[in-house]
Amino acid sequence: MNKSNVSGFTLVELMIIISLIAILVTLSYPSYEAFMRRVHMEEAKASIMVKARDMERLYASKRTFTDSSSPATDPVDTEYFTIDFAPGSPKADSYEIIAKPKNPRETQALYYNSIGILSRCNASTMQDCEQY
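Each number in my numbering comes from the position in the sequence shown (counting from 1) with 922 added on.
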């Protein structure tokens, strides 16, 4: 009797390994997606803080937040958010910065005002805000 020593994987063993990998990916993807949402929110927060710094510089030099010739009042597009400026009052002595998501499936937006309060709100209604 000749018995050959062939090593390798059988098709059943390979299918078991592929099934285990698929189960691991299925279980870990929601965590990855939540992590990426947090990363995108932190990027938007950083962009808002840069915009707020520019607004404060504008106010220090011009004593108003609504100078249309200043790039500080222009909207900023990031990869995942559109960050826009809005005057907070008719006297232009305050401002609001809103970071709205570009992805329609994203439900959270960031809102920052001139008093320094950063909130996370419902993106479609800007309601149900909580301090971020």
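Even glycine gets a Cβ: it sits at the ideal position worked out from N, Cα and C. Remember, it's a predicted structure, so these values are computed and weren't measured experimentally.
Ordered along the chain, which non-local residues of its own chain (more than five positions away) have a Cβ less than 7 Å from that of residue i?
{"i": "A974", "result": "I1019 and Y1034"}
{"i": "Q1049", "result": "C1043"}
{"i": "S983", "result": "none"}
For a test of the three-state rule: what should DSSP assign to residue i, helix, strand or coil?
{"i": "D976", "result": "helix"}
{"i": "E1018", "result": "strand"}
{"i": "A1045", "result": "coil"}
{"i": "P1009", "result": "strand"}
{"i": "M1023", "result": "Checking the displayed sequence, the identity of residue 1023 turns out to be Pro instead of Met. It is a strand residue."}
{"i": "T1004", "result": "strand"}
{"i": "Y1054", "result": "coil"}
Considering Cα atoms alone, identify which of the options is closest to residue i.
{"i": "D996", "options": "T986, M977, Y1002 and R985", "result": "M977"}
{"i": "M963", "options": "R985, G1038 and T1029", "result": "T1029"}
{"i": "I1039", "options": "R985, S950 and K967", "result": "K967"}
{"i": "D999", "options": "E965, D989 and S950", "result": "E965"}
{"i": "P1026", "options": "S1041, L1032 and S1046", "result": "S1046"}
Below 8 Å on the Cβ atoms is my contact criterion, and I expect residue i with residue j to pass it. Report the Cβ-Cβ distance as a whole number of Å.
{"i": "I1005", "j": "I970", "result": "6 Å"}
{"i": "S1036", "j": "S1016", "result": "4 Å"}
{"i": "Y1002", "j": "K1024", "result": "6 Å"}
Near residue i, which residues of its chain fall below 6 Å by C-beta distance, leaving aside the five closest residues on each side in sequence?
{"i": "A1008", "result": "E1018"}
Short of 8 Å in beta carbon distance, which residues of its chain neighbour residue i, apart from the five on each side in sequence? Order them along the chain.
{"i": "D989", "result": "L980 and T995"}
query: At which residue ranges does the stretch 925–1001 contain complete alpha helix (DSSP H) runs of 4 or more residues, listed in the order of the chain?
result: 933–984
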